[in-house]
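Below is one structure, written out as structure tokens; comments come after it.
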Amino acid sequence: MPLQNLEKMFYPRSVVVVGATNRDGAAGNVVMHNLLHGGFEGPIMPVTESERAIAGVLAYPEIGRLPITPDLAVVCGRQPALPALIRELGERGTRAAILLAENLSAPHNGGGLLNATVQTEAQRCGVRLLGPDCLGVMVPGIGLNATIAHAGALPGGVGFVSQSSTMGTAVLDWARERDIGFSYFVSLGNGTDVDIADIVDYLGNDAMTRAIVLYVEEITCGRSFMSAGRGASRNKPVLVVKSGRTPEGRRTTFGDERASGSDAVYDAAIRRAGMLRVHGFGELFAAVETLGRTKPLKAERLALLANGRGIAALAVDALLLDGGNLATLSTETAAALANHLPKGWPCTNPVVLDGEAAPERYGEAAKALLSDPQVDALMVVHAPVFSMSSTGAAQAIIKAVKEKRGAVLTSWMGGQRVAEARRLFADAGIPTYETPTLAVQAFMHMVRFRRNREILMETPTSTPAGFTPASEAARLVIEEILGRGGRSLSRRETKAILSAYGIATTEARIAKDPPEAAAFATKMGFPVALKIQSPEIAHRGEVGGVDLFLNSPDSVRQAAESMLERVRDRKPGAFVQGFIIERMVLRPGAQEVMIRMTVDPVFGPVIIFGHGGPASDIISDRAVALPPLNMSLARELVNRTRVAKLLTGYGDCPPADIDALCLVLVQVSQMIIDLPEIVSLDINPLFVDANGVFAVDAAIQVAPAAENADSRLAIRPYPKDVEEVFTLANGREVLLRPIRPEDEPAHYEFLSKVTPEDIRLRFFHHVRRIPHAEMARLTQIDYDREMAIIVTAPSPTDPATAETLGVVRIVADGTPESAEYAILIRSDLKGQGLGRKLMDKIIAYCGARGFKQITGLVLCDNRRMLDMVHSLGFKSRRVPDDDVMEVTYIFPQSAGAAEPQAA
């Protein structure tokens, strides 16, 4: 259902409380009290059959007797006919309801679950449901407190969303004590209808919300969570506290062993969406205070100003151990500082003032540091000294910040003596912390938020042009295996799959017994590796099923016989098909890494990279990423492991070919996308050195794919099926395809060939140059909720380079209701049929995706565009008091007629 209906939940003109009561402590009594005392100015209408008035407000015996239609219904307790109640509210025109009742999973009269019955009725009537088993909703800015919470919330800029009611009440107390206010406070409960992704979508576009805070216990739909998080993170910080980091924690949360997803995968998903994960509410609100009160960092260089070497050292240690960077001060700054430091003191970072320095010296030093172009943020750390005023020092810093403007954090250590200074900082909007360590932790939240946003908006390098996987050949191999009921691929079949995706592997033969193994090894050449071949043995090392560097026929024969004995002893009854003989790959200095793919129950297929070899599980050096990967994301995955440092070279070992390794990760990612039957993949070891990469051993498991295979991926991959070749009126052949992140440079070049007038007609004003952050939004799209189809062709001057000739895009709100379109064609290519073709293409795309209508805004003087869309079946109307036409195409199945109808 549309997100617009959430507006009725958060900004209702009137509220009805069903199940209201005068009984102290009952939900219906608490809600009425909170609504009446929160400052909500609209009508509040209690509904109950047992009492004439609730808290002095006239009560109504039933919904039908209400004098007006309520925008929001708060349903308290277990109502005997809840589905009928939701139906009555929906038919009356109510569009949002909060269900405070617990245990709606109990059987209903018809044998179904009450929860499911209520949800079905709500969907039919267009009512959004929050809950059940939730606290409710607060919007402090309008005085709305439709909750059963024990305390209200202060108004502010934090949107808080929690899947735990008890955690929600704790946060209210915590925040009030620290004067942290909320734009919205939402307790989701069981999330029957409105879920965490819906609220993140809403808050991401809300101007009153500066930062979003999520308390997450479990995600049920990985894709919608990723889409909403990614969209919101482009606009503001999204911080996530995720419980259940350990198996014991998950059992505590859910009371069972349910498959709620790996914590490492949650980490990867949160990072990929540009959100910031924090651990614990102390860390959380420190991050909220920092990100909500400071400007985003342009870079990460921190200057430290302190009144003691000891506290400065604490801050420096905390910063560097957490991966932060100290700024190197400019010569000009050092000269300016020399006037405020004792004679002979170093003018370096950190800057340490005399313990008895006057407040004025604090201010002058802070101004000098904030003026340094090599400083991106300033942290001031102060310990109280008997002979000087901590409050005076704080006032000097506040004055300096007003004059110079910059990202500043403070830590005034101590108790009562610095309380007034902390209050002054809070009133001035400058973040302040009790200890230097907490201040550094807060600064690193700013750093990680910046890094996550950079990853989110980074323009990736293009995948090498030579990578064209033979996906159909690989699919035939898998179909043959599944056709005979197989699940584990043989060494030959695994090599065929890897080779189809351009991944180099070793030469191998399969022998049925020890003598044949020795014979094959002799023909192949020594040294060789010998491995047991059995569909019932997933990890050969566990049964002693691997022998390396065998140098003679006798050693091969003896190793094979000993291996059979070990298998009989360690895995009795296992069916042994024979032995794999591989030519040993001798690459001195090569690093052993591993690439693994597994399926997470929440986020679907994931890629794991790390240190390889037989000790990989013990070393436990791994990083996790979600497909699809591009070259930039692959490199970021590699850099999150310790083995990455070895790959850069050391001693006599030259740097490895990181680009080749990243390409293999991209190839594996594409394999996972193309072949949904693959349920596990393990390449270990993968040799990496200066000469490239080489898969020494690999194992693949398969199973029949689900009907809608793409839905298993948390991030919708590049939709190759949208591609289409088209011939222009001048005979030039072009390709229509979805836009990719790496198209950003070509898109800038494309816009440079559009006239200022055509730019005005597209953007409604003149645009000089679109900044990178905005261009990233145009090229790095979420294929699950938007689409941009570009026209591309080889450049006439450089056939190896593609140029962009035109683009059409649609953006939706995450539901298949309505999409808004925009189109732009290169000015010198008008009259070639491009505009009409792109509009036909996007209409067909929206129809296939189930949209009900397409809308757009066109300037009244853009007659060419208006004539074209009218010929396509769009209807138009003038926007009142504006020189803009709103054009709408309604799909026939939505209009109930063969032709599009007027909006």
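Residue numbers (the working numbering): 65 to 967.
Note that beta-carbon positions come from the ideal geometry of N, C-alpha and C, so glycine has one too.
Just so it is clear, the structure is predicted and the values come from calculations on it, not from any experiment.
Euclidean distance between Cα positions of residue i and residue j
i: T474; j: F507; result: 10 Å
i: R706; j: V439; result: 29 Å
i: G637; j: S535; result: 37 Å
i: A430; j: R699; result: 38 Å
i: A217; j: V752; result: 55 Å
i: N69; j: V191; result: 8 Å
i: R801; j: I853; result: 5 Å
i: A180; j: R632; result: 52 Å
i: P578; j: E771; result: 44 Å
i: Q622; j: L650; result: 23 Å
i: G176; j: A866; result: Its pLDDT being 45, under 50, G176 is placed unreliably in this model, and the value from its coordinates should be taken loosely. Between G176 and A866, the C-alpha separation is close to 57 Å.
i: G174; j: V250; result: Only weak support exists for where G174 lies, its pLDDT of 43 falling under 50; the value from the coordinates is given anyway. For G174 and V250, the distance between alpha carbons rounds to 32 Å.
i: D761; j: M648; result: 11 Å
i: E113; j: A123; result: 8 Å
i: E428; j: L442; result: 13 Å
i: H172; j: P147; result: At H172 the pLDDT is 46, less than 50, meaning the model places this residue with poor confidence; the figure from the coordinates comes in the next sentence. Each residue's Cα considered, the two are about 10 Å apart.
i: A170; j: D946; result: Its pLDDT being 49, under 50, A170 is placed unreliably in this model, and the value from its coordinates should be taken loosely. The straight-line gap from Cα to Cα measures roughly 54 Å.
i: M521; j: Q844; result: 7 Å
i: T211; j: V203; result: 10 Å
i: A275; j: L100; result: 28 Å
i: P437; j: C411; result: 16 Å
i: E424; j: V222; result: 35 Å
i: G470; j: Q459; result: 16 Å
i: L378; j: N371; result: 12 Å
i: D848; j: D774; result: 11 Å
i: Q655; j: L710; result: 8 Å
8 Å contact criterion, which residue i and residue j should meet: CB distance rounded
i: Q896; j: L792; result: 4 Å
i: L164; j: A91; result: 5 Å
i: V63; j: I150; result: The structure shown does not extend to residue 63, since the chain is modelled only from 65 to 967, so the question has no answer here.
i: R704; j: P740; result: Rounded, the Cβ-Cβ distance is 27 Å, inconsistent with contact.
i: G676; j: V657; result: 4 Å
i: D257; j: L193; result: 4 Å
i: G454; j: V482; result: It should be pointed out that residue 454 corresponds to Ser in this sequence rather than to Gly. Confirmed, about 5 Å.
i: S891; j: D785; result: So it is not a contact: roughly 31 Å between Cβ atoms.
Buried or exposed (CB count within 10 angstroms, at least 16 for buried), residue i
i: I132; result: exposed
i: G42; result: The requested residue 42 does not occur in the structure, where the chain is confined to residues 65 to 967.
i: L236; result: buried
i: L540; result: exposed
i: P718; result: exposed
i: Y714; result: exposed
i: T558; result: buried
i: S816; result: exposed
i: P110; result: buried
i: C924; result: exposed
i: E963; result: Its pLDDT being 39, under 50, E963 is placed unreliably by the model, and nothing is read from it.
i: A966; result: Interpretation of A966 is limited by its pLDDT of 37, a score under 50 that renders its predicted location unreliable; no figure is taken from the coordinates.
Proximal residues to residue i (C-beta, below 8 Å), its chain only, five neighbours per side dropped
i: T233; result: L199, A213, H214, A215
i: E600; result: K635, A638, F639
i: G960; result: Any answer about G960 is weak, because its pLDDT of 47 lies below 50 and its placement is not dependable; what the coordinates show is given next. Correct list: empty, nothing qualifies.
i: M949; result: L921, V922, L923, C924, L930, S940, R941, R942, V943
Beta-carbon proximity list for residue i, same chain, < 6 Å, skipping 5 on both sides
i: N104; result: Before going further, note that residue 104 is Phe rather than Asn in the sequence given. Closer than 6 Å at Cβ, skipping near neighbours: G207, L208.
i: Y75; result: none
i: K901; result: F790
i: A581; result: A575, V620, A624, F643, I645
i: E808; result: T523, M839, T843
i: V610; result: K595, R604
Contacts around residue i, its chain only, beta-carbon distance under 7 Å, and the 5 residues preceding and following it disregarded
i: P669; result: M661, V663, P691, I736, R776, L777
i: A767; result: R551, E741, V743
Within-8 Å CB hit, residue i to chain C
i: A886; result: The structure shown contains no chain C; it holds only a single protein chain.
(message) Three or more C-beta pairs under 8 Å: does that hold for the stretch 341-349 against the stretch 673-683?
(response) No, the stretch 341-349 does not touch the stretch 673-683.
(message) With a threshold of 8 Å, are at least 3 pairs of Cβ atoms found where one atom belongs to the stretch 330-340 and the other to the stretch 486-493?
(response) The stretch 330-340 is not in contact with the stretch 486-493.
(request) Kindly confirm or deny that the stretch 244-251 and the stretch 282-289 touch, where touching means at least three C-beta pairs closer than 8 Å. (result) Short answer: they don't touch.
(message) With three or more C-beta pairs closer than 8 Å as the rule, is the stretch 658-676 touching the stretch 585-600?
(response) The stretch 658-676 and the stretch 585-600 do not touch, with fewer than three beta-carbon pairs separated by less than 8 Å.
(message) Check whether the stretch 254-271 and the stretch 287-307 touch, using three or more Cβ-Cβ pairs below 8 Å as the test.
(response) Verdict: yes, contact present.
(request) Could you tell me whether the stretch 348-362 touches the stretch 380-400, using the rule of 3 or more Cβ pairs below 8 Å? (result) With a cut-off of 8 Å, the stretch 380-400 and the stretch 348-362 do not count as touching, because too few Cβ pairs lie within range.
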